[in-house]
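Quick note, the sequences are listed as chains A and B, same order. Numbers 80 to 829, taken from my numbering, label the letters of the first sequence in order. Numbers 456 to 611, taken from my numbering, label the letters of the second sequence in order.
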Amino acid sequence: MSKVTGRARFADDLSFHGMLFASTVYSQHPHARIKKVDMSKAMDIPEVLAVITPDDVPGSNGVMRGFLVLAGEKVKYVGDGVALVVAKSETAARKGRDAVVVDYEPLPPVLSIDDALKSGASLVHEDKEDNIISKSRYQLKKGDLERGFAEADFIVERTYETQFVAHAYIEPEVVIAVPDFNQEFMTIYGSIQNPFSARAAVAAALGWSVGQVKIVQNAVGGTFGGKDECAILNACRAAIASIKTHRPVKLSLSREESMVEGPKRHPYRFNFKVGVKKDGSILAMKSELIAQGGAYNNKAQFTNWRASIHATGPYNIPNIETRVFGVYTNTIYGGAMRGFSSPQCIFAQESLMDEIAQELDMDPLELRRKNALSPGHTLPDGQLLGEGGLPAPLPDIIDNTARKFKYSKPAQPQEGSVKKGIGIACGFRGAGLGAEAGADATGAIVTVQSDGSITIVSGLTDNGQGLKVAFSQIVAEVLGVSLDRIVYPTTDTSIIPDGGPTVASRGVMIGGRAMEKAALEVKKKILVVAGEILQLDPEKLTIENEEIFSPDNPEKRVSYMDVVSRAYATGQMLAALSWFSTGVPEFDYETGQGKSYPTYSWGMVITEVEVDTETGLVKVNRALSTHDVGTAINPAAIKGQVYGGYVMGQGMAVLEDIEQANGFVKSKNFDEYLIPTAMDIPDIDVLIVETGDTYGPFGGKSVGEPGTEMAAASVANAIAQATGRRIRNLPCNLERVFLGYNLTRQGTAR
Amino acid sequence: MQEKVSFTVNGKEYEVEVLSNERLLDTLRDNLGLTGTKEGCSIGECGACTVLLNGEAVNSCLVFTVQVQGGHILTVEGLKKDGKLSPLQEAFVKYNAVQCGYCSPGMLMAATAILKKNPQPSREEIKEGIAGVLCRCTGYEQIIQAIEAVAKKGEG
Numbered sequence: 080m081s082k083v084t085g086r087a088r089f090a091d092d093l094s095f096h097g098m099l100f101a102s103t104v105y106s107q108h109p110h111a112r113i114k115k116v117d118m119s120k121a122m123d124i125p126e127v128l129a130v131i132t133p134d135d136v137p138g139s140n141g142v143m144r145g146f147l148v149l150a151g152e153k154v155k156y157v158g159d160g161v162a163l164v165v166a167k168s169e170t171a172a173r174k175g176r177d178a179v180v181v182d183y184e185p186l187p188p189v190l191s192i193d194d195a196l197k198s199g200a201s202l203v204h205e206d207k208e209d210n211i212i213s214k215s216r217y218q219l220k221k222g223d224l225e226r227g228f229a230e231a232d233f234i235v236e237r238t239y240e241t242q243f244v245a246h247a248y249i250e251p252e253v254v255i256a257v258p259d260f261n262q263e264f265m266t267i268y269g270s271i272q273n274p275f276s277a278r279a280a281v282a283a284a285l286g287w288s289v290g291q292v293k294i295v296q297n298a299v300g301g302t303f304g305g306k307d308e309c310a311i312l313n314a315c316r317a318a319i320a321s322i323k324t325h326r327p328v329k330l331s332l333s334r335e336e337s338m339v340e341g342p343k344r345h346p347y348r349f350n351f352k353v354g355v356k357k358d359g360s361i362l363a364m365k366s367e368l369i370a371q372g373g374a375y376n377n378k379a380q381f382t383n384w385r386a387s388i389h390a391t392g393p394y395n396i397p398n399i400e401t402r403v404f405g406v407y408t409n410t411i412y413g414g415a416m417r418g419f420s421s422p423q424c425i426f427a428q429e430s431l432m433d434e435i436a437q438e439l440d441m442d443p444l445e446l447r448r449k450n451a452l453s454p455g456h457t458l459p460d461g462q463l464l465g466e467g468g469l470p471a472p473l474p475d476i477i478d479n480t481a482r483k484f485k486y487s488k489p490a491q492p493q494e495g496s497v498k499k500g501i502g503i504a505c506g507f508r509g510a511g512l513g514a515e516a517g518a519d520a521t522g523a524i525v526t527v528q529s530d531g532s533i534t535i536v537s538g539l540t541d542n543g544q545g546l547k548v549a550f551s552q553i554v555a556e557v558l559g560v561s562l563d564r565i566v567y568p569t570t571d572t573s574i575i576p577d578g579g580p581t582v583a584s585r586g587v588m589i590g591g592r593a594m595e596k597a598a599l600e601v602k603k604k605i606l607v608v609a610g611e612i613l614q615l616d617p618e619k620l621t622i623e624n625e626e627i628f629s630p631d632n633p634e635k636r637v638s639y640m641d642v643v644s645r646a647y648a649t650g651q652m653l654a655a656l657s658w659f660s661t662g663v664p665e666f667d668y669e670t671g672q673g674k675s676y677p678t679y680s681w682g683m684v685i686t687e688v689e690v691d692t693e694t695g696l697v698k699v700n701r702a703l704s705t706h707d708v709g710t711a712i713n714p715a716a717i718k719g720q721v722y723g724g725y726v727m728g729q730g731m732a733v734l735e736d737i738e739q740a741n742g743f744v745k746s747k748n749f750d751e752y753l754i755p756t757a758m759d760i761p762d763i764d765v766l767i768v769e770t771g772d773t774y775g776p777f778g779g780k781s782v783g784e785p786g787t788e789m790a791a792a793s794v795a796n797a798i799a800q801a802t803g804r805r806i807r808n809l810p811c812n813l814e815r816v817f818l819g820y821n822l823t824r825q826g827t828a829r
Numbered sequence: 456m457q458e459k460v461s462f463t464v465n466g467k468e469y470e471v472e473v474l475s476n477e478r479l480l481d482t483l484r485d486n487l488g489l490t491g492t493k494e495g496c497s498i499g500e501c502g503a504c505t506v507l508l509n510g511e512a513v514n515s516c517l518v519f520t521v522q523v524q525g526g527h528i529l530t531v532e533g534l535k536k537d538g539k540l541s542p543l544q545e546a547f548v549k550y551n552a553v554q555c556g557y558c559s560p561g562m563l564m565a566a567t568a569i570l571k572k573n574p575q576p577s578r579e580e581i582k583e584g585i586a587g588v589l590c591r592c593t594g595y596e597q598i599i600q601a602i603e604a605v606a607k608k609g610e611g
């Protein structure tokens with residue numbers, strides 16, 4: 080509600096007494112040694128109070144897997160911070176930033192996957208043997224690949240590539256560090272996706288214990304996985320500046336700074352070799368995936384693990400070998416972005432399916448229907464589907480989606496220069512973190528206050544995606560009380576144990592389970608007190624519409640408020656801290672076999688486009704996005720996630736690409752980095768499928784990431800069908816659609 | 456150089472002294488404390504800072520405060536009437552048109568401008584009217600639905 084009145088406070092809306100402003104001096108080179116930092120001219124500006132360099136970091140300069148608060152010896156990309164200028168106004172801080180003179184000795188930059196793998200390539204990280212991100216290597220082996228190829232009627236080999244994509248949240252990163260009087264505690268306010276990771280990094284940078292740092296999350300203006308590494312480094316910088324000046328310090332990134340410094344969606348290269356029978360059955364698939372990690376790595380070990388499980392798509396392929404790794408380059412870096420590696424994998428995988436269908440002269444829908452993972456099949460990780468295993472709704476999803484969309488392949492060839500095409504993409508998505516990082520666990524606290532209001536605290540954070548509403552609904556439902564009673568304060572790291580990051584659509588699935596568990600414990604306590612009043616066995620009682628009664632004897636009842644009053648009067652606690660953990664999964668990382676994820680979400684998207692073959696302009700006309708959500712808890716919110724997710728995927732398909740030249744970022748703002756506007760959107764229909772999966776709270780499964788991951792693939796397939804020309808590098812922008820290649824970066828098309 | 460400028464914001468009269476290069480956005484946020492208006496790109500591309508100036512939607516990051524002498528400005532804080540949400544604000548909540556909420560103030564102002572000029576806009580006219588405000592969360596659909604609902608009821 081406060082978001083429509085202008086009263087919601089985002090980090091940049093906060094101000095503190097005596098607050099100073101800081102601005103980061105960024106690297107002028109993609110790869111260079113720093114010879115000298117001359118801050119004298121900056122210090123001459125009267126309003127500038129301090130210039131901070133790595134020597135001023137009181138604790139550790141390395142705070143997160145190789146990321147530095149400020150680069151000291153060498154810069155590895157243009158987003159590296161070299162120094163920080165602190166001043167009385169933002170204008171003065173920026174003036175000071177421009178007055179700092181840094182002397183560099185340029186080094187040859189590593190700009191692409193090929194550069195990184197070249198023998199004799201310069202090293203992005205000189206303490207490492209090569210440019211391969213060591214922990215990002217995974218493999219999955221199922222069946223007998225060579226036998227599969229031998230039995231196939233023909234082999235298809237293809238290569239696909241994706242681009243750096245920006246999260247493009249409308250709110251750039253903002254952090255404010257506020258020290259306490261005694262300089263023993265530091266509070267950070269900010270647009271930060273993962274408060275617990277931020278707390279650890281700030282504490283490390285200050286050389287403090289984590290308990291001395293408190294992260295308070297404000298309303299966050301979108302994050303999609305991105306307000307993480309960059310936001311955290313800026314929180315460290317602000318905290319150091321605050322210690323040095325004994326004043327609150329605000330660091331507010333401009334759009335350009337956010338675009339250059341912040342994480343992006345990893346580009347991937349996919350090399351596929353597939354063995355297919357004449358009847359369309361896919362016997363064997365070998366895939367090699369290389370992720371471009373950029374200058375630093377914090378996430379490729381996770382994105383790549385997810386990719387290793389999902390790379391071959393939701394199809395019944397008996398013989399699989401998947402290998403994946405990532406490389407460092409002197410460019411902007413990859414991080415987490417909505418869908419993690421799946422939008423990239425699904426683009427490649429689903430383009431490949433269409434190309435196989437073309438080779439077979441088969442309808443792409445029929446090829447997918449024929450190979451869809453179905454009851455009785457096993458997932459790439461070996462888990463069984465169907466009876467005794469996990470739900471396998473894909474065949475039904477394909478049939479129902481095609482029927483609802485009234486799918487038919489437009490007749491080829493089409494008259495005129497504007498051509499229509501219909502594209503399909505199917506997907507499956509392992510829920511939560513899975514075996515990516517061991518046990519997946521988080522906590523929740525539910526407290527019934529003396530006035531009957533219920534305060535709920537989750538270890539996970541509402542980043543604008545609606546967790547607050549979902550959690551409130553879960554608690555209100557379990558306790559049989561009105562939704563108005565629920566109070567959800569913003570996340571504060573000093574209240575609840577570290578519940579891990581709010582990523583991987585684990586909000587509802589894991590956070591919701593913890594919330595449900597805490598609510599159930601509180602319910603038990605309420606029923607005990609009610610049992611005392613009613614003189615009935617608490618086990619037999621139930622709560623409905625704020626009244627507690629036994630279904631056997633419904634006349635005898637007591638109100639929720641009377642129970643709360645009695646509990647407080649008789650000293651009984653109506654609160655619970657609960658913890659939900661999936662346990663450490665059984666999984667073999669050598670073969671990729673085991674319980675990768677506790678369950679999967681399934682889906683399919685069909686998109687119709689119109690391509691103007693004289694200009695290359697793609698108009699997305701309509702789309703149907705089908706999602707297995709387990710049980711739909713909040714249909715309007717689900718649709719909101721799918722609409723937004725689809726349009727983000729559409730942007731990835733046709734518009735979005737961070738152009739870089741020699742390691743310098745060219746598209747730094749929305750005039751050059753285009754995202755879809757209201758004029759670009761298609762008519763999107765959402766088909767919600769309920770599989771009765773019992774995994775999430777009330778059977779709910781997440782939809783934030785499935786909503787986005789199939790869109791780009793379906794749009795790309797629709798364009799290929801309309802034009803008869805396959806673009807194997809995203810995005811399918813004007814020049815690639817019209818000319819077949821990119822003007823600034825050659826691409827392949829046929 | 457400091458200059459005196461007077462104008463009204465949400466019906467209230469103000470006189471401020473500003474540098475000639477101060478942006479209306481900064482005057483609203485820093486000087487008047489009206490932080491509902493947001494900054495997203497600073498170059499007039501994202502529309503998060505949209506306010507109404509004499510009834511027209513403008514990007515307040517592209518307007519100098521000295522240019523609004525005598526003008527009437529409406530910001531998101533001025534949409535509520537007598538403590539009640541405006542029909543558009545209500546519809547935004549009802550139709551799930553708000554996710555992270557960062558574009559919402561600009562979006563609401565653009566929508567207010569559309570309905571002021573044309574109480575019965577078509578879906579295409581609504582799309583055109585809000586095309587200057589970027590949203591990364593919603594995919595615009597539920598925002599359009601909210602505006603359509605208000606237009607249908609003739610409450611705009």
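For glycine and all other residues, C-beta sits at the position ideal for the given N, C-alpha and C. What you are looking at is a predicted structure, and each value in this text was computed from that prediction instead of being measured.
Listed by chain order, chain B residues near residue i by CB distance under 7 Å
| i | result |
| --- | --- |
| A/Y375 | Here the premise fails: no neighbours, minimum Cβ distance about 24 Å. |
| A/D92 | T490 |
Member of the options whose CA lies at the smallest distance from the CA of residue i
| i | options | result |
| --- | --- | --- |
| A/F659 | A/M588, A/P630, A/G673 | A/M588 |
| A/L653 | A/G511, A/L464, A/L606 | A/L606 |
| B/S569 | B/I585, B/K539, B/S515, B/A546 | Strictly speaking, residue 569 of chain B in this sequence is Ile, with Ser absent from that position. Answer by Cα proximity: B/I585. |
| A/F381 | A/Q272, A/V235, A/S213 | A/S213 |
| B/T492 | B/A512, B/Q575, B/I598 | B/A512 |
| A/N350 | A/K604, A/K365, A/T569 | A/K365 |
| A/E225 | A/K352, A/Q651, A/K115, A/S453 | A/K352 |
| A/L330 | A/Y676, A/Q651, A/V165, A/K153 | A/V165 |
| A/T84 | B/T505, B/L507, B/G533, B/C504 | B/G533 |
| A/L469 | A/A510, A/D641, A/P761, A/I763 | A/A510 |
| A/G392 | A/T302, A/S421, A/A370, A/I369 | A/S421 |
Contact list for residue i against chain A, beta-carbon separation under 7 Å
| i | result |
| --- | --- |
| B/A586 | T756, A757, M758 |
| B/Y557 | F89, I249, E250, G300, G301 |
Delimiting residues of the beta strand (DSSP E) encompassing residue i
| i | result |
| --- | --- |
| A/E236 | 233-240 |
| A/L696 | 696-707 |
| B/H527 | 527-529 |
Pair within 8 Å by beta-carbon distance, residue i and residue j
| i | j | result |
| --- | --- | --- |
| A/F146 | A/Y375 | yes |
| A/A310 | A/I294 | no |
| A/G742 | A/N409 | yes |
| A/K747 | A/V339 | yes |
| A/I501 | A/A702 | no |
| A/G30 | A/V497 | With chain A covering only 80 through 829, there is no way to say anything about residue 30 of chain A. |
| A/F243 | A/K343 | yes |
Endpoints, alpha helix (DSSP H) assigned at residue i
| i | result |
| --- | --- |
| B/E579 | 578-585 |
| A/L606 | 591-613 |
| A/C309 | 308-324 |
| A/D177 | 169-178 |
| A/I425 | 421-439 |
| A/D691 | Unbroken run through A/D691 is the beta strand (DSSP E), 679-691; no alpha helix (DSSP H). |
Interface partners of residue i on chain A, CB under 8 Å
| i | result |
| --- | --- |
| B/V553 | K82, V83 |
CB contact check: residue i to chain D, cutoff 8 Å
| i | result |
| --- | --- |
| B/P576 | Here chain D cannot be found, since the structure's protein chains are A and B. |
Chain-ordered chain B contacts of residue i [CB-CB under 8 Å]
| i | result |
| --- | --- |
| A/M727 | R591, G594 |
Could you say if the stretch 673-687 of chain A and the stretch 755-775 of chain A meet the contact criterion of at least three C-beta pairs nearer than 8 Å?
-> yes
| How do the stretch 543-555 of chain B and the stretch 596-606 of chain B stand: do at least 3 beta-carbon pairs fall below 8 Å, yes or no? | yes
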